[in-house]
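Take a look at the structure below.
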Amino acid sequence: MTSRLPDASSPPVTRDADSGGLWVVATPIGNLGDFAPRAAETLRSVDLVLAEDTRHSRPLLLQFGIETPMQALHDHNEATQAAKLVERMLAGASMALISDAGTPLISDPGFRLVQAARAAGVPVRPVPGPSALVAALSVAGIASDRFCFEGFLPSKAGARREAIARLAAEPRTLVFYESAHRVVESLADLRDGLGGARKMVLARELTKRFETVLDGTIGEVRERVMADADQQRGEFVLVVEGVQDLAAAQLAEGRRLYEKLAGHLPPSQAARLAAELSGAPRKALYGG
């Protein structure tokens, strides 16, 4: 998409927050220099800032001279608070939604509030900025024209392996978030589920002091992480190449489905369904 760049001499664009509405505001993921002037001005001008954790976000706002009242909005209270907040916005209040870091709603709370606001006719406006997802993709050197963002993999091993198995035939680039206490296990499951030779990038602590970007195969990256305890700390984005040999991936997925279905259906019917769902040849799954 092509757009005209603004004149560098023009004043920054600010939002009039006096008429009520919701602004979804991105905040830095690490480097405070990434805090956009428009984001700061929006947070100053609204009546209330909704933050995932006010204890985490208040120091950031105060550092930029933002003293707007704050209220916590997180996974545990969003369902009960959304309607009340929308009612206040309909009455003319202006609010800004922020997460602990980066762009709200990207594996962070806020979906219920935005959905309720839009359903009620409350204006919802983005103030874009930092995002760990986009930052990692921009430096990965892995195809980014089509990608599949999966957020955090399941915390339990069985569910995590099942989720990875369902993605084995995905041709788009795969992107995951991961935490320090699960990154080693997740890399092992990605290696076993997708193959150790699949290309990937591990982006750690993006824009922060100890930022690192490791590339190689899944097997190689896991070995480097295992060999260096420092690479097991912080916040991670995993960017994994999509499947290159689609036929082989379809066959693997077909066999996985066949094994599950064969416990409940006659072999020929299980093979037919597995073939339809995976795209694999039926005869390769069941010879009968």
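In full-length UniProt numbering, the protein residues as written are 1 to 288. C-beta: ideal position from N, C-alpha, C; glycine also. Just so we're clear, the structure is a prediction, and the values are computed from it rather than from any experiment.
Got a sec, what are the start and stop residues for the beta strand (DSSP E) residue i sits in?
{"i": "Leu174", "result": "Thr173 to Ser179"}
{"i": "Lys199", "result": "Lys199 to Arg204"}
{"i": "Thr132", "result": "In the sequence under discussion, the amino acid at residue 132 is Ala, which differs from the Thr named in the question. Per DSSP, Ala132 belongs to no beta strand (DSSP E); it is in the alpha helix (DSSP H), Ala132 to Ala140."}
How many angstroms separate the CA atom of residue i from the CA atom of residue j?
{"i": "Glu276", "j": "Leu251", "result": "12 angstroms"}
{"i": "Ala116", "j": "Val86", "result": "7 angstroms"}
{"i": "His264", "j": "Leu273", "result": "12 angstroms"}
{"i": "Gly158", "j": "Ala165", "result": "11 angstroms"}
{"i": "Asp53", "j": "Thr68", "result": "15 angstroms"}
{"i": "Asp220", "j": "Arg191", "result": "Checking the sequence shown, residue 220 turns out to be Glu, not Asp. Spanning the two alpha carbons is a distance of roughly 10 angstroms."}
{"i": "Gly20", "j": "Ala262", "result": "58 angstroms"}
{"i": "Asp7", "j": "Glu185", "result": "Any reading at Asp7 needs caution, since the residue's pLDDT is 41, under 50, leaving its predicted position unreliable; the model's value is listed next. Answer to the nearest angstrom: the Cα atoms are 49 angstroms apart."}
{"i": "Ser94", "j": "Lys84", "result": "13 angstroms"}
{"i": "Ala188", "j": "Cys148", "result": "20 angstroms"}
{"i": "Ala249", "j": "Arg255", "result": "10 angstroms"}
So for residue i, helix, strand or coil by DSSP?
{"i": "Lys84", "result": "helix"}
{"i": "Leu5", "result": "Its pLDDT being 37, under 50, Leu5 is placed unreliably in this model, and the value from its coordinates should be taken loosely. If DSSP states are grouped into helix, strand and coil, Leu5 belongs with coil."}
{"i": "Val243", "result": "coil"}
{"i": "Glu223", "result": "helix"}
{"i": "Arg125", "result": "strand"}
{"i": "Ser94", "result": "strand"}
{"i": "Arg27", "result": "Just to set this straight, residue 27 is Thr in the shown sequence, not Arg. Thr27: strand per DSSP, three-state reduction."}
{"i": "Leu153", "result": "coil"}
{"i": "Leu22", "result": "strand"}
{"i": "Leu194", "result": "helix"}
{"i": "Glu52", "result": "coil"}
{"i": "Arg61", "result": "As written in the sequence, residue 61 is Leu, which differs from the Arg given in the question. DSSP places Leu61 in helix when its eight states are reduced to three."}
{"i": "Ala280", "result": "coil"}
{"i": "Gly263", "result": "coil"}
{"i": "Glu235", "result": "strand"}
{"i": "Ala72", "result": "strand"}
{"i": "Asp16", "result": "Only weak support is given to the placement of Asp16: the predicted model assigns it a pLDDT of 47, under 50, and the value that follows is read from those uncertain coordinates. Coil at Asp16, not helix or strand."}
{"i": "Ser10", "result": "A caution first: Ser10 carries a pLDDT of 39, below 50, which makes its placement in the model too unreliable to give a value."}
Start and end of the alpha helix (DSSP H) containing residue i?
{"i": "Asp215", "result": "Asp215 -> not in any alpha helix (DSSP H); beta strand (DSSP E) instead, spanning Thr212 to Thr217."}
{"i": "Leu167", "result": "Taken as a continuous stretch (DSSP letters only), Leu167 belongs to no alpha helix (DSSP H), as it is neither H nor E."}
{"i": "Gln115", "result": "Phe111 to Ala119"}
{"i": "Ala39", "result": "Pro37 to Ser45"}
So, residue i versus residue j, is the Cβ gap smaller than 7 angstroms?
{"i": "Leu238", "j": "Leu202", "result": "yes"}
{"i": "Gln71", "j": "Leu48", "result": "yes"}
{"i": "Leu50", "j": "Leu97", "result": "yes"}
{"i": "Leu153", "j": "Arg160", "result": "yes"}
{"i": "residue 332", "j": "Arg198", "result": "The chain is shown from 1 up to 288; residue 332 falls before or after that span and cannot be answered."}
{"i": "Glu253", "j": "Ala169", "result": "yes"}
{"i": "Gly279", "j": "Arg172", "result": "no"}
{"i": "Arg125", "j": "Trp23", "result": "yes"}
{"i": "Ser107", "j": "Tyr177", "result": "yes"}
{"i": "Ala79", "j": "Leu113", "result": "no"}
Stretch pair the segment 27-35 + the segment 116-136: three plus CB contacts closer than 8 angstroms: Short answer: they touch.
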